[in-house]
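Worksheet for the structure shown next.
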Amino acid sequence: MGKTAFIFPGQGAQYIGMGREIASAFRSASDIFDQASEALGFDMRKMVFEGDEETLKITENTQPAIVTASVACLMPLLEAGIKPDFTAGLSLGEYSAHVASDTMDFKTAVSLVRKRGKYMQEAVPLGVGTMAAIIGLSREDVLDCCREASIYGAVEPANYNCPGQISIAGEVKAVEKAIELCRERGAKRAVQLAVSAPFHCSMLAPARDKLYAELENIEFGDFKVPLIANATARVVGSPMEIKDLLARQVCSPVLWEDSIRLMMELGADTFIEIGPGKVLSGFLKKIDKDARSFNVEDLASLEKTLEEIKK
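All letters in the sequence shown, in the order written, are residues 1258 to 1568 by our numbering.
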């Protein structure tokens, strides 16, 4: 029998109202929003359910909001007795995965990602860095274009999402040059992204250092479920490694495709995307069109997932 992986989305998946239906229907999910408000000192429910897109888009708001909605959506699955064999999360989603693997409690995770968002935003002044999506080129071609463009400044691969879909990050001029070079190489698309910082590249080293100082204050528990880390695309061996991996993740490429392939090698054939959106399900289909994928973000998707998973 195949194994099940719980996967959690990252920044960019947010929308006003995410998690509302599930929080209204499940006490355990509603409690997650209450815990977030207690941990952060503001009304998370109000910001996510009744707020505006501009406030939600501020990185230090986005990150705890997505983790809150994701963990709220996790609750009914656990109540239904659905348990994962593996967990992983894209970038920010790795914190939700840690909650699912029981290495840290939710309040710790939501407090950490609020600070993580703040440190990431502060690391590079607005307008200095950017990111771009490159569609239809190999890893080698994207790396070559980044190397060639690096005479204009820092530019590096940031996310290996799925075959033919890679994002790059760095200084504006260098990223613009890399876009031009990728187009010359035959990229189907090479476009600058509307982001507030160059995530997952070496320019975020100051955020890594501040985050590591925060992580030093946390004692992580043993893994109840194996977790695959973004920075290595490997199962994290022990709680001792968590601080280093989460700190490194801020300024290292996210090896998402490799993480999915590893879980498949280890027997995973069913993937449940938990939290806002279906971006990860889209990536999954490009990695392996035969993999079973579900998502849980509202009552309809929850009902469908529970119905199918129990067949």
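Positions of the beta carbon are idealized from the N, C-alpha and C atoms, including for glycine. This one's a predicted model, so the numbers in the text were calculated from it and none came from an experiment.
For residue i, collect the residues of the same chain with a Cβ closer than 7 Å to its Cβ; drop the 5 residues on either side in sequence, then sort them by chain order.
i: Asp1555; result: Glu1278, Ile1279
i: His1355; result: Met1361, Ala1366, Leu1484
i: Ala1326; result: Met1275, Gly1276, Val1305, Gly1532, Pro1533
i: Ile1339; result: Ile1566
i: Thr1319; result: Gln1268, Gln1271, Leu1313, Gly1374
i: Tyr1469; result: Lys1500, Ala1504
i: Ser1407; result: Ala1431
i: Cys1439; result: Ile1391, Leu1394, Val1399, Cys1402, Ala1447
i: Cys1419; result: Glu1514, Phe1540, Lys1543, Ile1544
i: Lys1467; result: Tyr1376
i: Val1553; result: Cys1330, Leu1334, Ile1529, Ile1531, Leu1559, Thr1562
i: Cys1458; result: Ala1411, Glu1413, Ala1415, Ala1426, Gly1427, Cys1508
i: Glu1476; result: none
For residue i, which option in the options has the closest C-alpha, if you only look at C-alpha atoms?
i: Leu1537; options: Val1305, Thr1562, Ala1270, Pro1382; result: Ala1270
i: Val1507; options: Leu1472, Lys1535, Ala1525, Gly1534; result: Leu1472
i: Leu1297; options: Gly1346, Phe1363, Met1332; result: Phe1363
i: Ala1282; options: Val1432, Glu1336, Phe1343; result: Glu1336
i: Ile1517; options: Pro1321, Tyr1417, Arg1404; result: Tyr1417
i: Arg1284; options: Leu1383, Thr1312, Leu1502, Met1332; result: Met1332
i: Glu1307; options: Glu1560, Ile1408, Tyr1272, Ser1348; result: Tyr1272
i: Pro1382; options: Asp1359, Met1460, Ala1322; result: Met1460
i: Ile1323; options: Ala1462, Asp1342, Ser1348; result: Ser1348
i: Ala1426; options: Arg1442, Asn1487, Thr1387, Val1399; result: Thr1387
i: Ala1490; options: Glu1522, Val1370, Lys1372, Gln1449; result: Glu1522
i: Asp1342; options: Phe1480, Cys1419, Glu1311; result: Phe1480
i: Val1482; options: Val1511, Met1520, Ser1368; result: Met1520
i: Glu1530; options: Thr1344, Lys1467, Glu1498; result: Thr1344
i: Ser1558; options: Glu1311, Phe1299, Leu1334, Glu1310; result: Leu1334
i: Glu1433; options: Ser1495, Cys1458, Gln1449; result: Gln1449
i: Glu1441; options: Met1497, Glu1405, Pro1496; result: Glu1405
What are the partner residues of residue i, as DSSP defines its beta bridges?
i: Met1388; result: Ala1426
i: Ile1245; result: Because the chain here runs from 1258 to 1568, residue 1245 falls outside it and cannot be looked at.
i: Leu1484; result: Thr1344
i: Arg1518; result: Paired residue(s): none; Arg1518 is not in a bridge.
i: Leu1449; result: In the sequence as displayed, the identity of residue 1449 is Gln instead of Leu. Its beta-bridge partners are Ala1389.
i: Lys1260; result: Ala1525
i: Tyr1409; result: Its beta-bridge partners do not exist; DSSP assigns none.
i: Tyr1417; result: Ile1423
i: Val1432; result: Note: Val1432 sits in no beta bridge, so no partner.
i: Val1399; result: Answer is none; Val1399 lacks a bridge partner.
i: Val1492; result: Ile1485
i: Val1507; result: DSSP output for Val1507 lists no bridge partner at all.
i: Phe1265; result: Gly1346
Under 8 Å, do residue i and residue j count as touching if we go by C-beta distance?
i: Ala1380; j: Ala1293; result: no
i: Phe1528; j: Ala1262; result: yes
i: Gln1422; j: Lys1543; result: yes
i: Leu1541; j: Ser1550; result: yes
i: Leu1413; j: Cys1403; result: Note that residue 1413 is Glu in the sequence shown here, rather than Leu. Contact flag set, yes.
i: Gly1478; j: Asp1359; result: yes
i: Ser1509; j: Ala1488; result: yes
i: Pro1321; j: Val1370; result: yes
i: Ala1357; j: Val1511; result: no
Going along the chain, which residues of its own chain have a beta-carbon closer than 6 Å to the beta-carbon of residue i, five neighbours each way excluded?
i: Gly1572; result: The requested residue 1572 is not part of the displayed model; the chain covers only 1258 to 1568.
i: Ile1436; result: Ala1389, Ala1447
i: Gly1393; result: Gly1421, Ala1444, Lys1445
i: Arg1248; result: Examination of residue 1248 is not possible in this model, given that the chain is present from 1258 through 1568 alone.
i: Gly1346; result: Phe1265, Ser1353, Ala1354
i: Ala1486; result: Val1493, Leu1502
i: Lys1260; result: Asp1342, Gly1524, Ala1525
i: Ser1368; result: Ala1296
i: Ala1462; result: Cys1508
With a threshold of 8 Å on Cβ separation, who are the neighbours of residue i within its own chain once the five nearest residues in sequence on each side are excluded?
i: Phe1290; result: Gly1276, Ala1280, Met1301, Arg1302, Val1305, Thr1325, Ala1329
i: Thr1316; result: Gln1268, Gly1374, Lys1375, Met1377, Gln1378, Ser1453, Ala1454
i: Asn1474; result: none
i: Lys1430; result: Tyr1409, Gly1410
i: Glu1295; result: Lys1364
Is any non-hydrogen atom of the ligand GDP found closer than 7 Å to the C-beta of residue i, if you look at the structure I gave you?
i: Leu1369; result: Judged by which ligands are present, the structure shown has none, so any question about the ligand GDP falls away.
Kindly say whether residue i, judged by its beta-carbon, lies nearer than 8 Å to any beta-carbon of chain D.
i: Asp1547; result: Judged by its chain identifiers, the structure shown contains no chain D, having just a single protein chain.
Task: Every unbroken beta strand (DSSP E) within the region 1323-1386, with a cutoff of 3 residues, ordered by chain - done: DSSP runs (the beta strand (DSSP E)) wholly in the region 1323-1386: 1343-1346.
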